[in-house]
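Trainee: Could you have a look at this structure, given as structure tokens, before my questions?
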Amino acid sequence: MRSQIKRNALMPRSRCLTELPALGALDRAAGSVGRQLALALRQAIQRGELKAGERIPSTRTLARSLGLARATVADVFDQLAAEGYLDARSGSGTWVSSAFGLMAPVSMTALSAAPPAPVSLPSSALRYAAIARALSPLPAVPFSVAVPEGEAAPDDRWRRLGNRVRAGQAAALAGYSDPRGLFSLRAAIATYLRQSRAAIAEPDNIILTEGTQQGLYLAARVLLSPGDSAWAEDPACAGLTAVLTECGVQTRRIPVDTQGMDVEQATRRYADARAAFVTPSHQYPLGMPLSMGRRLALLEWARQHDSWIVEDDYDSELRYVGHPFPAMQGLDPGRVVYLGTFSKVMAPSLRLGYMVVPAALTEAFAGARALMGRASPLADQHVLTAYMQEGYFEAHIRRIRTVYAERRHVLIEALQRETPWLQLEPGDQGMHLVAWLPDGVADVAVERAAHAAGLALRALSPMYAGPTRRSGLMLGFGGFPPEALRRAVRQLRTVLTPFMTSL
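Here the numbering used here is used: the first residue of the sequence shown is 29, the next is one more, and so on.
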């Protein structure tokens, strides 16, 4: 290697680097000339325009040639030496690192023009790519599900509280926090859940998350080992089934009827399951609650088999007839892991949810949460704490229930008038309706046609795993004002008409 350096050292000591195209293109108007010079020298070395072991002119000479300050050039040389591109020897000058003699020159032009080289992806990468496609959100246009916006978005009080928190607690917002989340927010959530959901909740048993999806992942990781089996409803959310598959869990899909998950069938066929994942207040996606008889049977199964219940309290706040159903967790806090979120009632972008976990599992969930990113943004936790403590949160829920109830009524009325072919399953809570299609009409084909027409509805049949798959549509109404919903229903009629005339 020393002989290579010695041979290259015989090259002219006064080589003019300004002849290199990249160095001749330095432009003060384009930003820092130091960064431009560093980039130009890196690329010249990578391309082989400057050879391994070649001596570089002194900082004084190069600065004079380029019309730059010597200090600027010296800083660039120091940076490139730190990165391994240059070797600086006290008293003998600066040289291109000999390491670049071990690699073929890189043609940047050829790289930019050539098609990407094929890459052999590991099976895990292929799985995650498939999950990304399956869980890709639809645009925020009718009938996208779970899009709170407009009148339903948090009001000016939220912004004022944010300004107050940031002005008064700047130092407190700068550090790390408990992976379980801010204690004062966990206390506010515990109070709210005790009062509104009949849950048995204390701050020490609450873990803040970035939403229900993360809560499901944490529950699967903490409660289950690869090879364990778990119950999931059929149909179910693709996000849940993807989590269970990724965690190596054998998912036992349990049919849903008018009373929710068929617990009797589940216990008869898969009694040895380690956990059951359910949406008892508002089954996703069909909307019915789990009957009290089945709730009690599910809890009894969990006690007898030392198993767990993961209660996803989906859309529980948004009930339009009567009061929300009490949480299952209140019947047995030692067997139920309860999941809630602020995404639907506030905004998905807030990325704040929560879990109420059995006391025996608090430390385990806190450890798992720490591995997934410590805690949710601390500033938002402080703002939400104030929002709840000062009574704004419950007032906000009352207000959006009124907004969503009107939009639900408008959508039902418009569908009954414009699309008589559909059989509605309106339910009495949540932010979407279910509409069943006539026999012989494929919901996935309707979904494709609707997406092409600018409507973001979802087909129901892909959410089933069993052989009985009903053809239907999920129609979200939460984020869209009445006239937009009426207009969207007229578009839906246009989409559906060719399918109906072909029956």
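The C-beta atom is built at its ideal place from N, Cα and C for all residues, glycine as well.
In its own chain, which residues sit with a C-beta less than 7 Å from the C-beta of Val-385, not counting the 5 before and 5 after it?
Mentor: Excluding positions up to five away in sequence, the list reads Asn-233, Ile-235, Val-365, Phe-393.
Trainee: For the beta strand (DSSP E) that contains Asp-262, what are its first and last residues?
Mentor: Residues 257-262.
Trainee: What residue does the beta strand (DSSP E) around Phe-508 start on, and which one ends it?
Mentor: Taken as a continuous stretch (DSSP letters only), Phe-508 belongs to no beta strand (DSSP E), as it is neither H nor E.
Trainee: Using the DSSP secondary-structure output, state which residues sit across from Phe-305 in a beta bridge.
Mentor: According to DSSP, which records beta bridges pairwise, Phe-305 is partnered with Ala-260, Val-338.
Trainee: With a 10 Å radius around its C-beta and 16 neighbouring C-beta atoms as the bar for buried, classify Gly-321 as buried or exposed.
Mentor: Exposed.
Trainee: Three Cβ pairs or more, each shorter than 8 Å: is that satisfied between the segment 346-358 and the segment 293-309?
Mentor: Counting Cβ pairs under 8 Å, three or more are found: they touch.
Trainee: State the Cα-Cα distance for the pair Leu-139 and Arg-75, rounded to the nearest angstrom.
Mentor: For Leu-139, the pLDDT reaches just 49, beneath the cut-off of 50, and the residue's location in the model is therefore unreliable, although a value from the coordinates is still provided. Whole-angstrom Cα-Cα distance: 11 Å.
Trainee: Just to confirm my understanding: we take Ala-477, look at its own chain, exclude 5 residues before and 5 after, and list those with CB closer than 7 Å. What are they?
Mentor: Excluding sequence neighbours, Ala-477 sits near Val-523.
Trainee: Measure the C-alpha to C-alpha separation of Pro-510 and Arg-435 and round it to an integer number of angstroms.
Mentor: Rounded to whole angstroms, Pro-510 to Arg-435 spans 6 Å at the Cα level.
Trainee: Between which residues of its own chain and Ala-512 is the CB-CB distance below 8 Å, once the five residues before and five after are set aside?
Mentor: Excluding sequence neighbours, Ala-512 sits near Pro-170.
Trainee: Count the CB pairs spanning the segment 79-96 and the segment 115-131 that are closer than 8 Å, and state whether there are at least three.
Mentor: The segment 79-96 is in contact with the segment 115-131.
Trainee: Given a threshold of 16 other Cβ atoms within 10 Å of its Cβ, counted over all protein chains shown, does Glu-238 qualify as buried or as exposed?
Mentor: The residue is buried, with at least 16 neighbouring Cβ atoms inside 10 Å.
Trainee: CB-CB under 7 Å to Tyr-245, same chain, minus the five flanking residues each way: which ones, in chain order?
Mentor: The residues are Val-271.
Trainee: With distances taken from CA atoms, which of Thr-100, Pro-85, Gly-129 is nearest Ile-73?
Mentor: Among Thr-100, Pro-85, Gly-129, the Cα nearest to that of Ile-73 belongs to Gly-129.
Trainee: Count the other C-beta atoms from every protein chain shown that fall within 10 angstroms of the C-beta of Tyr-382, then say buried if there are 16 or more, exposed otherwise.
Mentor: Classification for Tyr-382: buried.
Trainee: Would DSSP call Ile-228 helix, strand or coil?
Mentor: In this structure, Ile-228 counts as coil in the three-state DSSP scheme.
Trainee: Helix, strand or coil: which one does DSSP assign to Asp-206?
Mentor: The answer is coil: DSSP assigns Asp-206 none of H, G, I, E or B.
Trainee: Have a look at Asp-456, Ser-86, Ile-159, Asp-115 and flag the residue whose alpha-carbon is nearest the alpha-carbon of Ala-102.
Mentor: Comparing Cα-Cα distances from Ala-102 to each of Asp-456, Ser-86, Ile-159, Asp-115, the minimum goes to Ser-86.
Trainee: Taking the alpha carbon of Val-175 as the reference point, which residue from Gly-458, Leu-54, Gly-500, Ala-195 has its own alpha carbon closest?
Mentor: When each option's Cα is compared against that of Val-175, the closest is Gly-458.
Trainee: Tell me which residues share the same chain as Leu-485 and place their Cβ nearer than 7 Å to its Cβ, disregarding the 5 neighbours each side in the sequence.
Mentor: Phe-171, Glu-475, Ala-478, Leu-501, Met-502, Leu-503, listed in sequence order.
Trainee: Assess contact between the segment 279-292 and the segment 253-262, defined as three or more Cβ pairs (one per stretch) separated by less than 8 Å. Is contact present?
Mentor: Yes, the segment 279-292 is in contact with the segment 253-262.
Trainee: Can you check which of these residues, Asp-456, Ser-499, Val-438, Leu-461, is closest to Gly-468 by C-alpha distance?
Mentor: The shortest Cα separation from Gly-468 among Asp-456, Ser-499, Val-438, Leu-461 belongs to Ser-499.
Trainee: Does the beta-carbon of His-424 have 16 or more other beta-carbons within 10 angstroms, so that it is buried, or is it exposed?
Mentor: Buried, by the Cβ-count rule.
Trainee: With a Cβ-Cβ cutoff of 8 Å, do Arg-302 and Leu-252 count as a contact?
Mentor: Yes. Within cutoff.
Trainee: Grab the span of the beta strand (DSSP E) containing Glu-82 for me, first residue to last.
Mentor: Note, Glu-82: premise wrong, no beta strand (DSSP E); not H, not E.
Trainee: Identify whether Pro-376 lies in helix, strand or coil by the three-state DSSP scheme.
Mentor: If DSSP states are grouped into helix, strand and coil, Pro-376 belongs with the helices.
Trainee: Enumerate, from N- to C-terminal direction, the unbroken alpha helix (DSSP H) stretches of 4 or more residues contained entirely within the segment 369-433.
Mentor: Segments of the alpha helix (DSSP H) lying fully in the segment 369-433: 390-399, 406-417.
Trainee: In or out: Glu-292 buried (at least 16 other Cβ within 10 Å) or exposed?
Mentor: Exposed.
Trainee: Alpha helix (DSSP H) containing Glu-292: first to last residue?
Mentor: Here the alpha helix (DSSP H) through Glu-292 covers 291-297.
Trainee: Could you please give me the residues that DSSP links to Trp-186 through a beta bridge?
Mentor: Paired residue(s): none; Trp-186 is not in a bridge.
Trainee: Where does Gln-457 fall in DSSP's three states?
Mentor: It is a strand residue.
Trainee: Compare the C-alpha of Ala-433 against each of Ala-470, Leu-461, Ser-118 and name the closest.
Mentor: When only C-alpha atoms are compared, the closest one is Leu-461.
Trainee: Work out the CA separation of Thr-369 and Thr-240 for me, nearest whole Å.
Mentor: If you take the alpha carbons of Thr-240 and Thr-369, they lie about 6 Å apart.
Trainee: So the candidates are Asp-206, Gly-358, Leu-54, Val-284; which of them puts its Cα closest to the Cα of Pro-405?
Mentor: Checking every option, the nearest Cα to that of Pro-405 belongs to Asp-206.
Trainee: Tell me, which residues are paired with Ala-487 by DSSP?
Mentor: Paired residues: Leu-501.
Trainee: Could you tell me which of Arg-426, Ala-470, Ala-162, Ala-388 sits nearest to Thr-269, measuring between CA atoms?
Mentor: Ranking Arg-426, Ala-470, Ala-162, Ala-388 by Cα distance to Thr-269 puts Ala-162 first.
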